[in-house]
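Chains as they are written, first to last, in my numbering: chain A, 93 to 432; chain B, 93 to 432. All residues carry an ideal CB built from backbone N, CA and C; glycine is no exception. Predicted model, so just to flag it, every value in this text is computed and none were measured. Report on the structure given below.
Protein chains: 2
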Amino acid sequence: MNLTASVLAGDRLAIARLMTQVENATKEGLAELEGLFQYTGKAHIIGVTGAPGVGKSSLVNHLARYFRHPSQEKAPCTVGVIAVDPSSPFTGGAILGDRVRMRDLAGDPGVFIRSMATRGSLGGLANTTAGLIQILDAAGYQLIFVETVGAGQTEVDIARLAHTTLVVESPGLGDDIQAIKAGILEIADILVLNKADHPGAEIAESALRNALQFAPVTQHNSYHHGEKPKNQKKIEISVNEISWTIPILRTVASDGKGIAEVAAQIECHRDYLITTGEWTKRDQIRLQSELESLLQSSLMQRWRNSVSETSYQEVLNQLINREISTTQAVNLLIDGGFSQ
Amino acid sequence: MNLTASVLAGDRLAIARLMTQVENATKEGLAELEGLFQYTGKAHIIGVTGAPGVGKSSLVNHLARYFRHPSQEKAPCTVGVIAVDPSSPFTGGAILGDRVRMRDLAGDPGVFIRSMATRGSLGGLANTTAGLIQILDAAGYQLIFVETVGAGQTEVDIARLAHTTLVVESPGLGDDIQAIKAGILEIADILVLNKADHPGAEIAESALRNALQFAPVTQHNSYHHGEKPKNQKKIEISVNEISWTIPILRTVASDGKGIAEVAAQIECHRDYLITTGEWTKRDQIRLQSELESLLQSSLMQRWRNSVSETSYQEVLNQLINREISTTQAVNLLIDGGFSQ
Chain A
93 MNLTASVLAG DRLAIARLMT QVENATKEGL AELEGLFQYT GKAHIIGVTG
143 APGVGKSSLV NHLARYFRHP SQEKAPCTVG VIAVDPSSPF TGGAILGDRV
193 RMRDLAGDPG VFIRSMATRG SLGGLANTTA GLIQILDAAG YQLIFVETVG
243 AGQTEVDIAR LAHTTLVVES PGLGDDIQAI KAGILEIADI LVLNKADHPG
293 AEIAESALRN ALQFAPVTQH NSYHHGEKPK NQKKIEISVN EISWTIPILR
343 TVASDGKGIA EVAAQIECHR DYLITTGEWT KRDQIRLQSE LESLLQSSLM
393 QRWRNSVSET SYQEVLNQLI NREISTTQAV NLLIDGGFSQ
Chain B
93 MNLTASVLAG DRLAIARLMT QVENATKEGL AELEGLFQYT GKAHIIGVTG
143 APGVGKSSLV NHLARYFRHP SQEKAPCTVG VIAVDPSSPF TGGAILGDRV
193 RMRDLAGDPG VFIRSMATRG SLGGLANTTA GLIQILDAAG YQLIFVETVG
243 AGQTEVDIAR LAHTTLVVES PGLGDDIQAI KAGILEIADI LVLNKADHPG
293 AEIAESALRN ALQFAPVTQH NSYHHGEKPK NQKKIEISVN EISWTIPILR
343 TVASDGKGIA EVAAQIECHR DYLITTGEWT KRDQIRLQSE LESLLQSSLM
393 QRWRNSVSET SYQEVLNQLI NREISTTQAV NLLIDGGFSQ
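Here it is as structure tokens:
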């Protein structure tokens with residue numbers, strides 16, 4: 093059985109092996125990924141982002157456990173977790189003695205956890221993450237959590253690729269709301285105020301509510317689900333259209349408080365996405381973004397193959413001596429007869 | 093007088109105006125930048141990075157003030173500050189009622205502070221930052237501090253563009269060293285342990301020393317300057333070569349403690365860079381990286397102009413329907429007769 097067939101059959105070793113190949117951007121790995129592509133598009137991808145220390149990993153851990161053992165008479169879902177967060181204990185925290193809180197998920201064949209090296213990713217961080225998502229999707233995992241730290245543009249770009257984005261905040265010192273500072277409030281479908289038992293939860297929640305009210309709503313319609321909180325952004329796109337109101341949910345992930353409500357909102361958001369056609373739309377945006385990213389690197393690669401090292405070095409030297417500007421250098425390299 | 097001449101003459105309004113044009117990636121702005129390029133390459137660019145809350149802005153503020161009013165019989169330097177850190181009070185914290193701690197620098201004609209919108213930067217964050225640095229460099233600012241939050245790849249890439257990189261840490265809860273978790277220790281030329289009056293400073297410092305000892309040294313030689321701390325990484329590249337040992341300095345930026353020592357190390361690192369030829373080498377690496385980045389966007393732009401919207405949409409639809417893979421789509425779009 094080849095690697096593709098093994099991955100499709102859910103063979104964990106095959107999945108892990110292919111993931112490593114994709115991380116290393118090997119030719120074989122990328123070819124296998126090609127073969128898997130037609131089997132993707134089924135999983136519900138959930139981005140979980142927020143500043144370091146707000147408890148993202150703990151939240152993901154509890155959500156994964158919840159979806160494996162739902163409290164009502166629901167069927168359990170299979171769950172994949174990809175941690176792109178360098179501060180995540182999934183990723184590398186264990187080196188520093190972090191408690192590996194997801195230990196209770198290990199051994200469950202319905203859960204696959206993968207942490208990514210965030211630096212030196214050969215295919216680019218976003219590309220590699222997209223690849224890992226595709227593998228888990230093709231292997232049949234129904235829910236895929238992608239944990240990123242919401243501080244850099246790359247991480248936010250990754251979070252944007254999800255169907256549903258959870259932005260996690262925790263009560264801090266003073267009235268600093270990290271999610272607002274980092275500009276990631278606008279990508280939230282669901283806001284989670286974790287560590288809600290800490291002092292300042294009330295202040296943090298009202299700051300979030302205020303911020304939501306004034307945040308520019310670019311990609312979300314509002315959607316009623318149950319009770320509508322006061323002071324919350326609601327934009328009706330058309331009278332007939334179903335709309336989504338971003339909920340703010342309190343959790344204490346360390347002891348599982350509020351997890352069921354977050355899980356319920358994730359399912360509610362999924363229903364909203366499917367009902368409104370937003371699911372397909374987000375899928376298209378994700379694929380287009382992957383396409384453009386690959387186009388860019390392919391064009392660069394093709395150009396690189398067409399230019400001799402000597403010509404390149406010659407232009408680079410002129411640039412370094414400030415004889416030509418960067419734009420002039422680019423024009424020379426593309427049009428100047430160096431490129432065939 | 094045109095904009096370029098005004099910027100070269102140090103006209104603050106002209107500098108600010110050109111910066112806005114570069115941020116918006118206007119044609120005029122980029123053309124002006126072209127004209128300024130030959131006047132650049134003189135400034136000492138200092139990256140300051142670290143997790144949110146370690147006190148980077150406060151440190152930069154005090155360093156700027158120090159270089160404006162040096163304690164010894166040195167001439168004051170002109171100082172530029174570019175804040176790319178979304179959590180920086182330079183950038184947007186003021187909205188949240190952060191004390192604008194750099195207020196005492198305002199009104200000093202030898203200081204220019206610019207904060208950047210980190211999201212929606214039209215030319216890309218790294219490109220735009222490089223542009224702003226060039227403007228301040230051409231305008232004659234001698235020291236340019238670039239403050240970034242050390243959590244995302246983009247931010248680390250920006251920090252890497254500096255001649256000298258300060259990685260700032262503060263004593264935290266437990267033995268978590270944010271700089272290690274985020275993988276930014278390896279880019280440090282100088283390590284600053286800020287908030288050294290907080291509990292845990294001793295533990296944090298020894299954790300940093302240990303980490304330095306085991307960190308892969310890829311780009312630094314070691315260099316003796318004064319007392320050599322124990323347990324510190326030192327790699328001699330050759331017997332004759334001067335080497336650099338990464339110092340760990342304690343500061344309490346809020347009341348200026350330790351600032352003079354950090355300033356002295358910045359000057360010491362500058363001397364080291366010039367003596368060893370490392371200054372020129374880093375300059376070349378920066379220019380090459382800018383060149384590659386511009387090449388990439390130019391190639392993409394040229395390709396985009398060569399393909400019709402209809403052809404592109406046709407391929408995109410096949411991709412969305414999972415009839416072809418992303419790689420097949422790219423091959424079709426570049427070679428498939430759509431591109432002329």
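1. Label A:D229 either buried or exposed according to how many other C-beta atoms from any shown protein chain fall within 10 Å of its C-beta, with 16 as the threshold for buried.
2. List the residues of chain B that A:F129 touches, going by C-beta distances under 8 Å, in chain order.
3. Assign A:R191 to buried or exposed, taking buried as 16 or more other Cβ atoms, counted over all protein chains shown, within 10 Å of its Cβ.
4. Quick check on B:S417: buried or exposed, where buried means 16 or more other Cβ atoms within 10 Å of its Cβ?
5. Buried or exposed: which applies to A:K148, given that a residue is buried once 16 or more other Cβ atoms fall within 10 Å of its Cβ?
6. Helix, strand or coil, according to DSSP, for B:L285 in the structure here?
7. Could you give the C-beta distance for B:V146 and B:F237, rounded to a whole number, given that I count them as a contact under 8 Å?
8. In the DSSP assignment, what are the bridge partners of A:I138?
9. In terms of residue numbering, what span does the beta strand (DSSP E) encompassing B:A175 cover?
10. What's the gap between the Cα of A:I338 and the Cα of B:L283?
11. Return the chain-ordered ranges of every beta strand (DSSP E) run that is complete within the segment 330-401 of chain B and spans a minimum of 3 residues.
12. Measure how close the beta-carbons of A:V379 and B:L411 come, nearest whole angstrom, since I'm counting them as under 8 Å.
13. What three-state label does DSSP hand B:R206 in the structure shown?
14. Take A:A231 and list the residues in its own chain whose beta-carbon comes closer than 6 Å to its own, dropping the five residues that flank it on each side.
15. Whether or not the segment 280-295 of chain A and the segment 354-363 of chain A are in contact is what I'm after, with contact meaning three or more pairs of Cβ atoms, one per stretch, closer than 8 Å; do they touch?
16. Judging by CA-CA distance, which residue of B:C169, B:L224, B:V152 is the nearest neighbour of B:E239?
17. To the nearest angstrom, how far is the alpha carbon of B:A139 from that of B:L258?
18. Let me know if B:N94 comes out buried or exposed under the rule of 16 or more other beta-carbons within 10 Å of its beta-carbon.
19. Looking at C-alpha atoms only, which residue of B:L105, B:K349, B:I377, B:S298 is the closest neighbour of B:I340?
20. Does the CB of A:V331 have a neighbour CB from chain B at under 8 Å?
21. So, does the CB of B:Q388 fall closer than 8 Å to a CB anywhere in chain A?
22. Output the boundary residues of the alpha helix (DSSP H) element that contains A:Y158.
23. Label B:H82 either buried or exposed according to how many other C-beta atoms from any shown protein chain fall within 10 Å of its C-beta, with 16 as the threshold for buried.
24. Hey, quick one: how far does the alpha helix (DSSP H) through A:R414 stretch, first residue to last?
25. Out of B:L224, B:G350, B:I276, B:A222, point me to the one whose CA is closest to B:V241's CA.
26. Please list, in chain order, the chain A residues whose beta carbon lies closer than 7 Å to that of B:L425.
27. Which same chain residues, not among the five before or five after B:L424, have their C-beta less than 6 Å away from its C-beta?
28. Name the one or two DSSP bridge partners that B:E261 has.
29. Residues in its own chain within less than 6 Å of B:E382 by CB, not counting five upstream and five downstream?
30. How about A:W86: is its C-beta nearer than 8 Å to some C-beta of chain B?
31. Between B:Q376 and chain A, is the shortest Cβ-Cβ distance under 8 Å, so that the two count as touching?
32. Count the other CB atoms within 10 Å of the CB of A:K373; is the residue buried (16 or more) or exposed (fewer)?
33. In its own chain, which residues sit with a C-beta less than 7 Å from the C-beta of A:Q226, not counting the 5 before and 5 after it?
34. Using CA atoms only, rank isn't needed, just tell me which of A:E401, A:S262, A:T112, A:G428 is closest to A:P144.
Answer, in terms of the structure:
1. Here residue 229 of chain A is taken as the residue at index 137 of the first sequence, counted from 1. Buried.
2. Within the first sequence, residue 129 of chain A is the residue found at index 37, counting from 1. Near A:F129 (Cβ distances below 8 Å), the residues of chain B are R414, S417, T418.
3. Position 99 of the first sequence, counting from 1, holds the residue named residue 191 of chain A. Here A:R191 scores only 35 on pLDDT, less than 50, and its place in the model should not be relied on; the value that follows carries that caveat. Exposed, since its Cβ has fewer than 16 Cβ neighbours within 10 Å.
4. Here the question's residue 417 of chain B lines up with position 325 in the second sequence. Its Cβ being crowded by 16 or more others within 10 Å, B:S417 is buried.
5. In the first sequence, counting from the first residue as 1, residue 148 of chain A sits at position 56. Under this definition A:K148 is a buried residue.
6. In the second sequence, the residue the question calls residue 285 of chain B occupies position 193. Correct three-state label for B:L285: strand.
7. For this step, residue 146 of chain B is matched to residue 54 along the second sequence. For this step, residue 237 of chain B is matched to residue 145 along the second sequence. At roughly 15 Å, the Cβ-Cβ gap does not stay under 8 Å, so B:V146 and B:F237 are not in contact.
8. As a position in the first sequence, residue 138 of chain A is number 46, starting the count at 1. Its beta-bridge partners are A:F237, A:T256.
9. Numbered from its first residue, the second sequence carries residue 175 of chain B at position 83. Residues 171-175.
10. Translated into the one-based positions of the first sequence, residue 338 of chain A becomes position 246. Translated into the one-based positions of the second sequence, residue 283 of chain B becomes position 191. Taking the straight line joining both Cα atoms gives about 41 Å.
11. 340-342
12. Position 287 of the first sequence, counted from the start, is the residue given in the question as residue 379 of chain A. Position 319 of the second sequence, counted from the start, is the residue given in the question as residue 411 of chain B. Before going on, a small fix: residue 379 of chain A reads as Leu here, not Val. Rounded, the Cβ-Cβ distance is 6 Å, consistent with contact.
13. Along the second sequence, read from residue 1 onward, the residue named residue 206 of chain B stands at position 114. In this structure, B:R206 counts as strand in the three-state DSSP scheme.
14. The sequence position of residue 231 of chain A within the first sequence is 139, counting from 1. Cβ within range, chain order: V99, G102, I107.
15. yes
16. Residue mapping note: residue 239 of chain B aligns to position 147 of the second sequence, counting from 1. For the residues B:C169, B:L224, B:V152, the minimum Cα distance to B:E239 belongs to B:V152.
17. The count along the second sequence starts at 1 and reaches residue 139 of chain B at position 47. The count along the second sequence starts at 1 and reaches residue 258 of chain B at position 166. This sequence places Gly at residue 139 of chain B; Ala is not what is there. Using only the alpha carbons, I get a separation of about 6 Å.
18. Working through the second sequence from its first residue, we reach residue 94 of chain B at position 2. Label assigned to B:N94: exposed.
19. Mapped onto the second sequence, residue 340 of chain B falls at position 248. The shortest C-alpha separation from B:I340 is found at B:S298.
20. As a position in the first sequence, residue 331 of chain A is number 239, starting the count at 1. Caution applies to A:V331, whose pLDDT of 40 falls short of 50 and renders its modelled position unreliable; the value that the coordinates give is listed next. No, A:V331 does not count as interfacial toward chain B.
21. By 1-based counting over the second sequence, the position of residue 388 of chain B is 296. Yes, B:Q388 counts as interfacial toward chain A.
22. What you label residue 158 of chain A is simply residue 66 of the first sequence in a count that begins at 1. Where A:Y158 is concerned, the enclosing alpha helix (DSSP H) stretches over 148-160.
23. Not covered by the structure: residue 82 of chain B. The range shown for chain B is 93 to 432.
24. Indexing the first sequence from 1 puts residue 414 of chain A at position 322. No alpha helix (DSSP H) contains A:R414, which DSSP labels as neither H nor E.
25. Residue numbering aside, residue 241 of chain B sits at position 149 when the second sequence is read from its first letter. Ranking the options by Cα distance to B:V241, first place goes to B:I276.
26. One-based indexing of the second sequence puts residue 425 of chain B at position 333. Correct list: L387.
27. By 1-based counting over the second sequence, the position of residue 424 of chain B is 332. Closer than 6 Å at the Cβ level, and outside the excluded window around B:L424, lie V407.
28. Counted from its first residue, the second sequence places residue 261 of chain B at position 169. Answer by DSSP bridge pairing, in chain order: B:L285.
29. In the second sequence, the residue the question calls residue 382 of chain B occupies position 290. Closer than 6 Å at Cβ, skipping near neighbours: A222.
30. There is simply no residue 86 of chain A to check, as chain A begins at 93 and stops at 432 in what is shown.
31. Your numbering for residue 376 of chain B matches position 284 in the second sequence. For B:Q376, the answer is yes, since a Cβ of chain A falls inside 8 Å of its Cβ.
32. What you label residue 373 of chain A is simply residue 281 of the first sequence in a count that begins at 1. Burial call: exposed.
33. The residue given as residue 226 of chain A occupies position 134 in the first sequence. Result list for A:Q226: L125, L128, F129, T132, in chain order.
34. Taking the first sequence and counting its residues from 1, one reaches residue 144 of chain A at position 52. Measuring from the Cα of A:P144, the nearest candidate turns out to be A:S262.
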